[in-house]
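Participant:
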Amino acid sequence: MPPKRPLPIRLSDGHANNPSMSASSAMLSDNTNVVVNGKELHIKFSDPVMVKKLGSGQFATVFHMKFTNDNNVYDFAVKEIKMGRSEMRKSRIRQESEFGLRMSVCPFAVNTYGIMGRGDEIRILMELMDDTVANLRLMVRRLVTSFHI
1 MPPKRPLPIR LSDGHANNPS MSASSAMLSD NTNVVVNGKE LHIKFSDPVM
51 VKKLGSGQFA TVFHMKFTND NNVYDFAVKE IKMGRSEMRK SRIRQESEFG
101 LRMSVCPFAV NTYGIMGRGD EIRILMELMD DTVANLRLMV RRLVTSFHI
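According to the UniProt record's numbering, the residues represented by the sequence shown are 1 to 149, in order.
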């Protein structure tokens with residue numbers, strides 16, 4: 001039986017096998033090579049096109065972005081992080097990037113496909129989910145309530 005979700009995308013530059021990499025955009029390439037459903041894609045920092053904003057937090061904003069290659073459209077959740085001068089922020093970004101890459105082997109975690117940087121911006125390409133955890137919890141709560149005697 002085929003897996004229910006795509007396999008984690010390989011990072012051709014070795015970052016997936018070297019989680020101690022620095023997340024400073026000065027040390028990141030402005031492009032990444034990833035494999036989606038067996039097809040290798042070369043994605044430049046400026047290639048993905050924003051569809052809509054999905055959410056934001058203290059350190060980043062997440063967008064639904066599309067990447068087109070050979071008439072095929074690929075959807076990603078892209079976390080955009082603006083680097084500040086704060087060492088705490090740099091450390092947090094490094095931790096988040098490393099954690100995402102390590103968790104990509106877990107079938108219950110969102111896949112992190114690649115990391116790119118340009119100037120003071122970092123983009124983390126992730127699997128786009130159909131829904132949110134908050135909506136899933138709400139749906140489960142409604143189901144439990146409807147079956148409550």
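Even for Gly, the Cβ is constructed at its ideal location relative to N, Cα and C.
Leaving aside the five residues before and after T61 along the sequence, list all residues of the same chain whose C-beta is less than 7 Å from its C-beta, in chain order.
Facilitator: These residues qualify, in order along the chain: K53, E80.
Participant: My guess is that L136 and F76 are in contact by the Cβ rule of under 8 Å, so how many angstroms apart are they, rounded?
Facilitator: The pair is not a contact, with the Cβ atoms about 21 Å apart (cut-off 8 Å).
Participant: Using only the alpha-carbon positions, how far apart do H42 and M116 sit?
Facilitator: Approximately 12 Å, taken between the alpha carbons.
Participant: By the 10 Å Cβ neighbour count, where 16 or more other Cβ atoms means buried, how is I9 classified, buried or exposed?
Facilitator: In this predicted model, I9 has a pLDDT of only 40, less than 50, meaning its place in the structure is not dependable enough to derive any value.
Participant: Quick check: the Cα distance between F63 and E98, rounded to an integer number of angstroms?
Facilitator: The straight-line gap from Cα to Cα measures roughly 20 Å.
Participant: Taking Cβ positions, are R118 and F67 nearer each other than 8 Å?
Facilitator: Cβ distance not < 8 Å, so R118 and F67 don't count as in contact.
Participant: What are the complete beta strand (DSSP E) segments, minimum 3 residues, inside the UniProt domain "Protein kinase" (48 to 149)?
Facilitator: Listed in chain order, they are 49 to 56, 60 to 69, 72 to 82, 112 to 118, 121 to 126.
Participant: Could you tell me the distance, in whole angstroms, from the CA atom of T32 to the CA atom of M139?
Facilitator: The alpha-carbon atoms of T32 and M139 are separated by roughly 37 Å.
Participant: Tell me whether N37 sits in a helix, a strand or coil according to DSSP, three-state version.
Facilitator: In this structure, N37 counts as coil in the three-state DSSP scheme.
Participant: Once the 5 residues before and after G114 are set aside, which same chain residues still bring their CB inside 6 Å of it?
Facilitator: Once the five neighbours on either side are set aside, the close Cβ partners of G114 are L11, T32, V34, L125.
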